[in-house]
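As structure tokens, the structure follows; a few thoughts come after it.
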Amino acid sequence: MNILLIEPPFERFIGLRCEWYPIGITSIATMLTAKGFVAYVYNAEHDNSLQYINTEVYLSRYENYTRGLADAQHPIWREINEKIAQFKPAIVGISVKSVKIAAALKVSEICKNINRNIIVIAGGFHATARPEDLLKSDCVDVVVRGEGEETLLELAENVKNGIYDFKAIKGISYKNADGTISHTPERGLINPLDNIPFPRRELIFDYDKYTPEQLGWIMTSRGCPYDCAYCNSKTIWERKVRFSPLEKVIDEINYLKTTFNSIHINFMDDSFTVNRNRVLKLCSMLIENKTGITWACLTRADLIDDEIAVSMKKAGCIKVDIGIESGNKRMQQLINKGIKLEDVRKSSDILKKHGIFWTGFFMMGFPTETKEEILETLKFMKEVNPNWAYLNIFTPYPGSKFYDMVEGDKLFQQQNNINIYSHQSPNNCFSTNISRDEFKKVVKLMFKEFNRHNSSLRSLLRRAYSKKYHRNPKQFLKDAGKVLSWLRP
504 MNILLIEPPF ERFIGLRCEW YPIGITSIAT MLTAKGFVAY VYNAEHDNSL QYINTEVYLS
564 RYENYTRGLA DAQHPIWREI NEKIAQFKPA IVGISVKSVK IAAALKVSEI CKNINRNIIV
624 IAGGFHATAR PEDLLKSDCV DVVVRGEGEE TLLELAENVK NGIYDFKAIK GISYKNADGT
684 ISHTPERGLI NPLDNIPFPR RELIFDYDKY TPEQLGWIMT SRGCPYDCAY CNSKTIWERK
744 VRFSPLEKVI DEINYLKTTF NSIHINFMDD SFTVNRNRVL KLCSMLIENK TGITWACLTR
804 ADLIDDEIAV SMKKAGCIKV DIGIESGNKR MQQLINKGIK LEDVRKSSDI LKKHGIFWTG
864 FFMMGFPTET KEEILETLKF MKEVNPNWAY LNIFTPYPGS KFYDMVEGDK LFQQQNNINI
924 YSHQSPNNCF STNISRDEFK KVVKLMFKEF NRHNSSLRSL LRRAYSKKYH RNPKQFLKDA
984 GKVLSWLRP
């Protein structure tokens with residue numbers, strides 16, 4: 504029985520090159536394949552013919568997504584139709600992030616137009632937080648809430664055996680004959696993760712068109728123990744962290760090196776250094792096994808110290824991403840991130856001292872934030888001077904505390920459009936302390952200043968140095984093309 508898992512398009516309409524593969528649905532496909540199903544992943548975001556664009560260009564092209572949704576003859580939709588029709592799936596699973604609701608519903612419609620008997624299943628963060636947003640469509644049959652591996656496997660086995668009564672399956676929502684929606688009891692988190700096989704990239708359609716680095720994304724853990732007000736991670740992970748065995752992590756790295764020549768790894772854990780001793784052990788194993796890789800990770804400012812930085816660098820770490828969000832003390836308290844600005848200053852000093860390239864992630868437009876507080880973030884960014892600075896515009900993701908905070912506000916009702924759930928949407932304005940027109944002006948100023956910071960010769964040279972091009976000269980030529988494309992207005 505054929506099962507196709509789809510990552511719907513969004514940024515591809517905008518023209519942004521996709522540098523990743525969908526880890527979650529590839530993990531599910533791997534599990535299904537291990538149980539005898541013919542399961543593949545179709546990443547409709549991926550198109551290596553696209554260029555690298557900076558955030559100012561991104562904002563200027565954002566409405567291309569809305570126009571693409573309305574154009575039934577758009578080449579992307581025609582490609583999706585062709586892929587589904589050729590594969591002839593019995594089940595299609597669609598990964599649904601909040602910003603991709605409309606695209607996901609369009610994919611489900613395409614499925615049913617091809618064959619009304621295809622069972623269309625939606626899953627992911629938005630589907631878990633608001634299953635009714637998907638089930639209101641006649642083209643979505645079932646929503647998987649929470650982690651998908653075990654639930655989708657159980658659904659697939661039922662369909663294979665001709666059983667279409669799903670009420671005994673935990674962790675799903677579905678429509679009844681009268682149109683009402685039923686929710687089965689929650690399914691517990693998968694624990695331990697030992698028996699979940701790492702994602703087999705060969706199950707991705709056209710995987711040979713991905714670069715080694717695009718396939719080199721790894722999650723060594725699931726979940727985050729923190730409770731940031733803007734984040735909906737707990738919708739699925741429940742603020743619990745579960746770790747994969749380190750031996751399994753080394754096996755996945757060796758698989759990537761051997762099969763795809765991936766020598767740079769992006770660890771995609773929510774807070775990579777949350778378990779300090781585990782990270783130190785992993786670093787020792789990377790050195791002992793002579794993996795020879797370089798790698799990057801994401802963590803928090805209060806989870807960096809000298810010993811961690813030294814160990815990570817010796818083990819091949821060349822970049823650390825740190826979420827900062829705001830340079831204003833009131834906003835830091837409001838977002839409940841649990842860090843102090845002094846933590847950021849200290850982690851910045853440590854990473855610079857040990858020669859590790861670091862990126863600072865910032866956000867603007869929080870509920871009640873003022874223009875002056877936004878500009879404090881710009882001032883703080885320049886003070887800590889990250890090697891690269893990334894700016895997001897706040898959006899209230901369903902399942903987050905801020906979503907509950909603004910859901911009843913007039914501003915939210917004015918903007919409650921499924922196309923704006925993006926932290927790069929120029930349409931977002933959820934602060935009652937700044938007018939929409941003034942906010943747009945500040946957005947333009949902020950992105951211009953952040954791009955100016957990233958375009959400085961010092962930032963570009965530091966980024967180049969961190970890549971260790973002497974070990975991979977071919978990568979230098981590729982990245983030089985990236986930079987030229989990114990700098991193009």
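First residue of the sequence shown: 504, per the working numbering; consecutive thereafter.
We treat Cβ as the ideally placed atom computed from N, Cα and C, and that holds for glycine.
| request: Could you check the C-alpha separation between glycine 691 and lysine 943 for me, to the nearest Å? | output: Within the sequence shown, residue 691 is the residue found at index 188, counting from 1. Within the sequence shown, residue 943 is the residue found at index 440, counting from 1. Going from the Cα of glycine 691 to the Cα of lysine 943 covers about 43 Å.
| request: Between the Cα of proline 512 and those of Ala607, Trp523, Asn735, spot the shortest distance and give me the residue it belongs to. | output: Your numbering for residue 512 matches position 9 in the sequence shown. It is Ala607.
| request: Could you spell out where the alpha helix (DSSP H) holding aspartate 636 opens and where it closes? | output: Here residue 636 is taken as the residue at index 133 of the sequence shown, counted from 1. First-last of the alpha helix (DSSP H) with aspartate 636: 635-638.
| Do the CB positions of phenylalanine 869 and methionine 834 come within less than 7 Å of each other? | Counted from its first residue, the sequence shown places residue 869 at position 366. Counted from its first residue, the sequence shown places residue 834 at position 331. Yes, they are a contact pair.
| query | Okay, do the region 672-689 and the region 518-537 touch, 3+ Cβ pairs below 8 Å being the bar? | reply | These segments do not touch.
| field | beta strand (DSSP E) runs contained entirely in the region 852-938, provided each spans 3 or more residues | value | Within the region 852-938, the complete beta strand (DSSP E) runs of at least 3 residues are 860-867, 891-896.
| message | Check whether the region 706-714 and the region 738-748 are in contact - that is, three or more C-beta pairs closer than 8 Å. | response | With the cut-off at 8 Å, the region 706-714 and the region 738-748 do not touch.
| field | Nonlocal neighbours in the same chain, by C-beta distance under 6 Å from lysine 586, ignoring five residues either side | value | Stepping through the sequence shown from its first residue, residue 586 is reached at position 83. Same-chain partners within the cutoff: Tyr545.
| message | Please identify the residue among Ala632, Arg955, Lys615, Ile528 whose C-alpha is closest to the C-alpha of serine 738. | response | Stepping through the sequence shown from its first residue, residue 738 is reached at position 235. In the sequence as displayed, the identity of residue 738 is threonine instead of serine. Measuring from the Cα of threonine 738, the nearest candidate turns out to be Ala632.
| task | Just the C-alpha distance for leucine 759 and isoleucine 624, rounded to the nearest angstrom, thanks. | result | Position 256 of the sequence shown, counting from 1, holds the residue named residue 759. Position 121 of the sequence shown, counting from 1, holds the residue named residue 624. Cα-Cα distance, rounded: 30 Å.
| DSSP three-state call for threonine 723: helix, strand or coil? | As a first step, residue 723 must be located in the sequence shown, where it is residue number 220. The answer is coil: DSSP assigns threonine 723 none of H, G, I, E or B.
| query | Ends of the beta strand (DSSP E) at leucine 508? | reply | Against the sequence shown, residue 508 aligns to sequence position 5. Following the DSSP letters along the chain, one finds leucine 508 inside the beta strand (DSSP E) bounded by residues 505-510.
| request: Can you have a look at isoleucine 666 and say buried or exposed, based on whether 16 or more other CB atoms are within 10 angstroms of its CB? | output: As a first step, residue 666 must be located in the sequence shown, where it is residue number 163. Around the beta carbon of isoleucine 666, fewer than 16 other beta carbons sit within 10 angstroms, so the residue counts as exposed.
| What residue from Leu854, Cys820, Glu941 has the CA that sits closest to aspartate 809's CA? | For this step, residue 809 is matched to residue 306 along the sequence shown. The closest CA to that of aspartate 809, considering only Leu854, Cys820, Glu941, is found on Leu854.
| Cβ-based burial, leucine 894 [other Cβ within 10 Å; buried from 16] | Translated into the one-based positions of the sequence shown, residue 894 becomes position 391. Looking at its Cβ environment, which holds 16 or more other Cβ atoms inside 10 Å, leucine 894 is buried.
| field | Proximity winner among Glu750, Ile613, Leu658, Asp824, relative to cysteine 642 (alpha-carbon distances) | value | Walking along the sequence shown from the start, residue 642 turns up at place 139. When only C-alpha atoms are compared, the closest one is Ile613.
| query | In terms of residues, what are the limits of the beta strand (DSSP E) holding aspartate 809? | reply | As a working mapping, residue 809 is identified with position 306 in the sequence shown. Where aspartate 809 is concerned, there is no enclosing beta strand (DSSP E), although the alpha helix (DSSP H) it sits in stretches over 809-817.
| request: For the beta strand (DSSP E) holding tyrosine 677, just list the boundary residues, first then last. | output: Taking the sequence shown and counting its residues from 1, the one referred to as residue 677 is at position 174. First-last of the beta strand (DSSP E) with tyrosine 677: 675-678.
| field | Residue ranges of each alpha helix (DSSP H) within the region 542-585, 4 or longer | value | You should have 558-564, 566-573.
| Considering only residues of the same chain and omitting the five flanking positions on each side of lysine 882, which have a CB-CB separation below 8 Å? | Numbered from its first residue, the sequence shown carries residue 882 at position 379. Answer for lysine 882: Gly830, listed in chain order.
| What do you get for asparagine 769, buried or exposed, if any count of 16 or more other CB atoms within 10 angstroms of its CB means buried? | Position 266 of the sequence shown, counted from the first residue, corresponds to residue 769. It is buried - the Cβ of asparagine 769 has at least 16 other Cβ atoms within 10 Å.
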